[in-house]
Amino acid sequence: MIEYVFFHRQPLELFLRFVEEQGVGAQTREFEDRMEVLVPDELDEALSDRIDERYDELMEMEGDLTDAEQAGEAGEFQGAGIVVNLKDGTTVYANLDSRLLARVMTVIEPREFAVIVDAIVEAVENRVDRPACQRGESS
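So the sequence shown is numbered by our numbering: it starts at 27 and just counts up by one.
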């Protein structure tokens with residue numbers, strides 16, 4: 027499943043509506059500090075791209091809502107961060123500056139960001155002491 031993280035209800039609901047209109051079943055999870063939409067990762071590439079594009083648009087809305095809250099115009103802000111899935115099945119949450127995360131999400135797709143996060147988790151959990159030039163591409 028691909029996880030899409032939201033911090034405000036409005037973009038979450040717009041995303042859910044869009045995903046449902048595409049004929050994709052999604053699950054939601056709510057936590058104290060965030061909400062997640064889980065979408066199957068076995069979708070065809072064109073559909074996945076449309077979903078990612080819509081998420082990117084809604085991340086701009088997230089940024090606008092966050093900016094408004096920081097200016098004292100709203101009260102729903104809860105922070106920003108990324109979901110990190112450990113190999114033992116534990117899910118942890120890494121806090122980030124919301125503006126930094128919004129900037130990252132404007133230049134890479136959520137799936138690409140997930141690959142980066144997973145690579146970092148893999149490196150931390152399965153440390154390899156050889157220099158990078160001796161590891162090969164997949165180690």
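Glycine included, each C-beta is placed from N, C-alpha and C at the ideal position.
From a predicted model like this one, the values you see are computed outputs, not experimental measurements.
Original post:
Taking the beta strand (DSSP E) that leucine 64 falls in, what are its first and last residues?
Top reply: As a first step, residue 64 is located in the sequence shown; it is residue number 38 there, counting from the start. Taken as a continuous stretch (DSSP letters only), the beta strand (DSSP E) holding leucine 64 covers 61-65.
**OP:** Under 8 Å by Cβ, that's how I've got arginine 122 and valine 147 pegged, so tell me the actual separation to the nearest angstrom.
**Re:** Reading the sequence shown from its first residue, position 96 is the one you call residue 122. Reading the sequence shown from its first residue, position 121 is the one you call residue 147. Residue identity differs from the one stated: residue 122 is leucine in this sequence, not arginine. Not a contact, Cβ separation roughly 15 Å.
**OP:** Give the DSSP bridge partners of leucine 55, in chain order.
**Re:** One-based indexing of the sequence shown puts residue 55 at position 29. With the sequence shown as reference, residue 55 is identified as arginine, and leucine is not the correct amino acid for it. Answer is Glu62, bridged to arginine 55.
Subject >> Best match in Gln160, Glu88, Ala140 and Asp114 for proximity to alanine 128 [C-alpha to C-alpha] >> reply: Here residue 128 corresponds to residue number 102 of the sequence shown, with the count starting at 1. The shortest Cα separation from alanine 128 among Gln160, Glu88, Ala140 and Asp114 belongs to Glu88.
Original post:
Quick one: is methionine 61 buried, meaning 16 or more other Cβ sit within 10 Å of its Cβ, or exposed?
Top reply: By one-based count along the sequence shown, residue 61 stands at place 35. Buried is the call here.
Original post:
Cα separation between tyrosine 30 and glutamate 151?
Top reply: Translated into the one-based positions of the sequence shown, residue 30 becomes position 4. Translated into the one-based positions of the sequence shown, residue 151 becomes position 125. Roughly 24 Å separates the two Cα atoms.
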